[in-house]
Amino acid sequence: DSTARIWNLQGTREPEIVLRHCIRRGDTQVPSNKDVTSLDWNPSGTQLATGS
Numbered sequence: 001d002s003t004a005r006i007w008n009l010q011g012t013r014e015p016e017i018v019l020r021h022c023i024r025r026g027d028t029q030v031p032s033n034k035d036v037t038s039l040d041w042n043p044s045g046t047q048l049a050t051g052s
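Take the sequence shown: its letters are residues 1 to 52, numbered as in UniProt numbering.
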């Protein structure tokens, strides 16, 4: 569904964060409709890269 989901298991109010893969065309974001097939956190765990 072109998303990566992050769950916080510490019991916060927000159960999950949904990251949507989009293609930017000018000022418009168009869903890419491709599966997210890879992800990697940076060494400090503060940034997440996803790819399809």
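C-beta atoms are modelled at their ideal positions from N, C-alpha and C, and glycine is treated no differently.
Remember, it's a predicted structure, so these values are computed and weren't measured experimentally.
Report the rounded CA-to-CA distance for residue i versus residue j, giving the unit in angstroms.
| i | j | result |
| --- | --- | --- |
| P15 | I6 | 9 Å |
| residue 59 | R25 | Nothing can be reported for residue 59, as the shown portion of the chain is limited to 1 through 52. |
| A49 | T37 | 11 Å |
| I23 | G51 | 12 Å |
| D27 | L39 | 26 Å |
Does DSSP put residue i in a helix, in a strand, or in coil?
| i | result |
| --- | --- |
| P31 | strand |
| E14 | coil |
| T3 | strand |
| L19 | strand |
Starting from residue i and walking both ways along the beta strand (DSSP E), at which residues does that stretch end?
| i | result |
| --- | --- |
| G51 | L48 to G51 |
| L39 | S38 to W41 |
For residue i, which residues from the same chain have a beta carbon less than 6 Å from its beta carbon, with the 5 sequence-adjacent residues on both sides left out?
| i | result |
| --- | --- |
| W41 | L48 |
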